[in-house]
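To start, the structure itself, in structure tokens.
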Amino acid sequence: MPPERLARLSFSCGRLTVPLDRTRPAAGTLVLQLIRATTGHDLDATRPIVLLVPGGPASSGVDNHAFLVGRLSDRLLAEFDVVGFDPRGVKHSNPIRCEHVKRPATLPDVSTDAGYAAAARVVRTFTEECLTSLGDRASLFGTTAAAADIDAIRAALGQTKLTFVGGSYGAKLGAEYARLYPGAIRAGVLDAPTDPQTSAVVTAEHQVKGFEDSLDEFIAWCLDRSCPRLTDVRAFIAALVAEADRSPIRSGRPQGDEPMRGSEVLDAVASSLYDVDRWPDLAAGLIEADDGDSGTLWDLRDASGNDPDDTTESDGRFVINCTDSGAAPTEAEIRRLAAHFKKSYPTFGVWGTWQLFGCSFWTAPKHTLPVPVAEAAPPLMVIGTIHDPATPYAGAVSMTRVLGNGSTLITWEGFAHAAFTRDPCIDALVDAYLISLSLPSDGTRCAA
Numbered sequence: 013m014p015p016e017r018l019a020r021l022s023f024s025c026g027r028l029t030v031p032l033d034r035t036r037p038a039a040g041t042l043v044l045q046l047i048r049a050t051t052g053h054d055l056d057a058t059r060p061i062v063l064l065v066p067g068g069p070a071s072s073g074v075d076n077h078a079f080l081v082g083r084l085s086d087r088l089l090a091e092f093d094v095v096g097f098d099p100r101g102v103k104h105s106n107p108i109r110c111e112h113v114k115r116p117a118t119l120p121d122v123s124t125d126a127g128y129a130a131a132a133r134v135v136r137t138f139t140e141e142c143l144t145s146l147g148d149r150a151s152l153f154g155t156t157a158a159a160a161d162i163d164a165i166r167a168a169l170g171q172t173k174l175t176f177v178g179g180s181y182g183a184k185l186g187a188e189y190a191r192l193y194p195g196a197i198r199a200g201v202l203d204a205p206t207d208p209q210t211s212a213v214v215t216a217e218h219q220v221k222g223f224e225d226s227l228d229e230f231i232a233w234c235l236d237r238s239c240p241r242l243t244d245v246r247a248f249i250a251a252l253v254a255e256a257d258r259s260p261i262r263s264g265r266p267q268g269d270e271p272m273r274g275s276e277v278l279d280a281v282a283s284s285l286y287d288v289d290r291w292p293d294l295a296a297g298l299i300e301a302d303d304g305d306s307g308t309l310w311d312l313r314d315a316s317g318n319d320p321d322d323t324t325e326s327d328g329r330f331v332i333n334c335t336d337s338g339a340a341p342t343e344a345e346i347r348r349l350a351a352h353f354k355k356s357y358p359t360f361g362v363w364g365t366w367q368l369f370g371c372s373f374w375t376a377p378k379h380t381l382p383v384p385v386a387e388a389a390p391p392l393m394v395i396g397t398i399h400d401p402a403t404p405y406a407g408a409v410s411m412t413r414v415l416g417n418g419s420t421l422i423t424w425e426g427f428a429h430a431a432f433t434r435d436p437c438i439d440a441l442v443d444a445y446l447i448s449l450s451l452p453s454d455g456t457r458c459a460a
């Protein structure tokens, strides 16, 4: 954040106690952590706020708040205080903690008997440990419960109607809020949503394909710039992964990283594809790792800003997704899809098969997330990015249609995961909508 911006901002923290289970008052409570940014004035409880709904699921809105606020326009900060929060079960809001079980050093080929057995053993062990740790709380951290918490935040902050921005999973949570509380919304932005009509398995394939497509874009970028030693990027990555599986790559960072395994090389590549600004570092990091230093790839893997040694995010993501999920695929379906992934997606196919297991061994009650029809809500702004590796553009098209309330689809022709605060054209449209409720024409596009 620029020092002059930081000097004008002040931050205050607060907590809000909410029911753990709204259907059973005797179940007790949990505490949500909130953070509020103000600029140029003393804290004023009557001032309008915009709520930033964090992604993930299970990313910390509190830890990332200063960074996100630093990317907002002066125009927006002049009109609103900006509030962030950690949803239930996330980082500072009664975090979910499960016994951590690492993926195998070498990712198994799930399409084979031995590979399926190895992967299933890891996922089953982790799931059982997690369910044991959570006990009867296991089913209480889903998106529907988090949406009810958002309405409690709205009321506690004295907002008759809520103005919010949600990106990635935050868009899913925002859409569920619109379904449940359509009359409590003033304005809402859903940036980079997933397709609300598809199963977790289809969503997993969409994401793997998105990473493959974005890797193609990186390859084209590298060819234009004659990246040293990267004449065949896919072959280079495959060889690096194989080498890291044989002999994990040491890191030169002072943090004392563990040597990097093949699966973590792919984690780093995938993280790099979230933002075109990371591509030069990815090109350099691949070469450095091939020369025996994984430090830059660790930097890229950790680029989300979350502590890689804190497993509460991955644990929370697992529990939230399983609580929201529908029927899990059978073993036969997983193995068939794993073979399809391996054949169709040469770099990320095997890496992506872990998502197919998802909640196969989850036995706690589920609260399957419904399709977010929100006909009574005011029109929202939905943003899709053409070259989004994590939540492909088709998800935004589907979300706009499913809401059924005349919401507007805005398209950014860029290369990144989520568009808001990355492009001045998108930012101007969002600012105008949040401040004056001025929605552009459906189908408006912003060039990269």
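Residues 13 to 460, numbered by my numbering, are exactly what the sequence shown covers, in order.
A virtual CB, placed ideally from N, CA and C, is assigned to each residue, including glycine.
In this text, all values refer to a predicted model and were calculated from it rather than measured experimentally.
CA-to-CA distance, residue 205 to residue 78, given in whole angstroms: Residue mapping note: residue 78 aligns to position 66 of the sequence shown, counting from 1. Residue mapping note: residue 205 aligns to position 193 of the sequence shown, counting from 1. For residue 78 and residue 205, the distance between alpha carbons rounds to 23 Å.
Per DSSP, cross-strand counterpart(s) of residue 23: Indexing the sequence shown from 1 puts residue 23 at position 11. In DSSP, residue 23 forms a bridge with 49.
For residue 93: DSSP bridge partner residues: On the sequence shown, residue 93 is found 81 positions in, with the first residue counted as 1. Partner(s): 61.
Residue 184, buried or exposed, once every other Cβ within 10 Å from all chains shown has been counted against 16: By 1-based counting over the sequence shown, the position of residue 184 is 172. It is buried - the Cβ of residue 184 has at least 16 other Cβ atoms within 10 Å.
Reduced DSSP category for residue 420 - H, G, I as helix; E, B as strand; rest coil: For the purposes of this step, residue 420 is taken as residue 408 along the sequence shown, with counting starting at 1. Residue state, collapsed to three classes: strand.
Residue 200 - DSSP class collapsed to helix/strand/coil: The sequence position of residue 200 within the sequence shown is 188, counting from 1. Note: residue 200 maps to strand in three-state DSSP.
Candidates 456, 164, 43 and 29: closest to residue 105 by CA position: As a working note, residue 105 is residue 93 in the sequence shown. Measuring from the Cα of residue 105, the nearest candidate turns out to be 43.
In chain order, each beta strand (DSSP E) run of at least 3 residues that lies wholly inside the region 394-454: 420-424
First and last residue of the uninterrupted beta strand (DSSP E) at residue 174: Within the sequence shown, numbered from 1, the residue matching residue 174 stands at position 162. Run containing residue 174: 174-179, per the beta strand (DSSP E) assignment.
Which of helix, strand or coil DSSP assigns to residue 149: In the sequence shown, the residue the question calls residue 149 occupies position 137. It is helical.
Cα-Cα separation between residue 192 and residue 159, rounded to whole angstroms: In the sequence shown, counting from the first residue as 1, residue 192 sits at position 180. In the sequence shown, counting from the first residue as 1, residue 159 sits at position 147. When rounded, the distance between both Cα atoms is 8 Å.
DSSP state of residue 210 mapped onto helix, strand, coil: By one-based count along the sequence shown, residue 210 stands at place 198. Coil at residue 210, not helix or strand.
N-terminal and C-terminal residue of the alpha helix (DSSP H) that residue 369 is part of: The residue you call residue 369 lines up with position 357 of the sequence shown. It spans 366-369 - the alpha helix (DSSP H) in which residue 369 sits, taken as one unbroken run.
Contact set for residue 435: own chain, Cβ-Cβ below 7 Å, skip 5 residues either direction: The residue labelled residue 435 in the question sits at position 423 within the sequence shown. 424, 426 and 458.
Contact belief for residue 396 with residue 220 at Cβ below 8 Å, rounded distance in angstroms: If you number the sequence shown from 1, residue 396 lands on position 384. If you number the sequence shown from 1, residue 220 lands on position 208. Incorrect: roughly 18 Å between the Cβ atoms, too far for contact.
Whole-angstrom distance between residue 276 and residue 283, CA atom to CA atom: Stepping through the sequence shown from its first residue, residue 283 is reached at position 271. Stepping through the sequence shown from its first residue, residue 276 is reached at position 264. Cα to Cα, residue 283 sits roughly 10 Å from residue 276.
Proximity to residue 38 [Cα-Cα], best of 20, 266, 135 and 149: To locate residue 38, count along the sequence shown from 1; it is residue 26. Residue 149 is the option with its Cα nearest to residue 38.
Residue 195 - containing alpha helix (DSSP H), residue span: Translated into the one-based positions of the sequence shown, residue 195 becomes position 183. Taken as a continuous stretch (DSSP letters only), residue 195 belongs to no alpha helix (DSSP H), as it is neither H nor E.
Given residue 141 as reference, the closest of 98, 85, 110 and 285 once Cα atoms are compared: Position 129 of the sequence shown holds residue 141. Taking only the C-alpha atoms, the option nearest residue 141 is 110.
With 16 other Cβ atoms within 10 Å as the buried cut-off, status of residue 133: The count along the sequence shown starts at 1 and reaches residue 133 at position 121. Its Cβ having fewer than 16 others within 10 Å, residue 133 is exposed.
Bridge-paired residues (DSSP) for residue 458: Your numbering for residue 458 matches position 446 in the sequence shown. Residue 458 pairs with 424.
Residue environment, residue 161, which counts as buried when at least 16 other CB atoms sit within 10 Å: For the purposes of this step, residue 161 is taken as residue 149 along the sequence shown, with counting starting at 1. Classification for residue 161: buried.
Residues of its chain near residue 372, where Cβ-Cβ distance is below 6 Å and the 5 sequence neighbours each way are ignored: Counted from its first residue, the sequence shown places residue 372 at position 360. 340.
Cβ shell of residue 443 (< 8 Å), same chain only, five flanking positions each side left out: By one-based count along the sequence shown, residue 443 stands at place 431. Counting only Cβ-Cβ distances below 8 Å, and skipping sequence neighbours, we find 85, 87 and 88.
Beta-carbon contacts of residue 381 that lie in its chain and below 6 Å, excluding the five residues immediately before and after: The residue you call residue 381 lines up with position 369 of the sequence shown. If we look at residue 381 and ignore the five residues flanking it on each side, its Cβ neighbours are 155 and 336.
Residue burial classification, residue 487 (beta-carbon count within 10 angstroms, cutoff 16): Residue 487 lies beyond the range of the chain shown here (13 to 460); nothing can be said about it.
8 Å contact criterion, which residue 69 and residue 332 should meet: CB distance rounded: Along the sequence shown, one-based indexing puts residue 69 at 57. Along the sequence shown, one-based indexing puts residue 332 at 320. At roughly 4 Å, the Cβ-Cβ gap stays under 8 Å, so residue 69 and residue 332 are in contact.
In DSSP terms, what residue 261 is bridged to: Your numbering for residue 261 matches position 249 in the sequence shown. 272, per the DSSP bridge assignment.
Residue nearest to residue 420 in terms of C-alpha spacing, selected from 269, 199 and 83: The residue given as residue 420 occupies position 408 in the sequence shown. Considering only alpha carbons, the answer is 199.
Endpoints, the alpha helix (DSSP H) within which residue 294 is located: Position 282 of the sequence shown, counted from the start, is the residue given in the question as residue 294. Looking at the DSSP string, the run of the alpha helix (DSSP H) that includes residue 294 is 291-302.
Alpha carbon of residue 338 to alpha carbon of residue 347, nearest angstrom: As a first step, residue 338 must be located in the sequence shown, where it is residue number 326. As a first step, residue 347 must be located in the sequence shown, where it is residue number 335. Distance between the alpha carbons of residue 338 and residue 347 is about 19 Å.
Alpha carbon of residue 301 to alpha carbon of residue 309, nearest angstrom: Locating residue 301 in the sequence shown gives position 289, counting from the first residue. Locating residue 309 in the sequence shown gives position 297, counting from the first residue. If I take the Cα positions, the gap works out to 7 Å.
Per DSSP, cross-strand counterpart(s) of residue 42: The residue labelled residue 42 in the question sits at position 30 within the sequence shown. Per DSSP, 30.
Run of the alpha helix (DSSP H) containing residue 327, from where it starts to where it stops: As a first step, residue 327 must be located in the sequence shown, where it is residue number 315. Note, residue 327: alpha helix (DSSP H), 324-336.
Alpha carbon of residue 394 to alpha carbon of residue 408, nearest angstrom: Translated into the one-based positions of the sequence shown, residue 394 becomes position 382. Translated into the one-based positions of the sequence shown, residue 408 becomes position 396. Approximately 6 Å between the Cα atoms of the pair.
Inter-residue CB distance, residue 313 and residue 280 (contact presumed, cutoff 8 Å): The count along the sequence shown starts at 1 and reaches residue 313 at position 301. The count along the sequence shown starts at 1 and reaches residue 280 at position 268. Their Cβ separation, rounded to whole angstroms, is 4 Å, which keeps residue 313 and residue 280 in contact under 8 Å.
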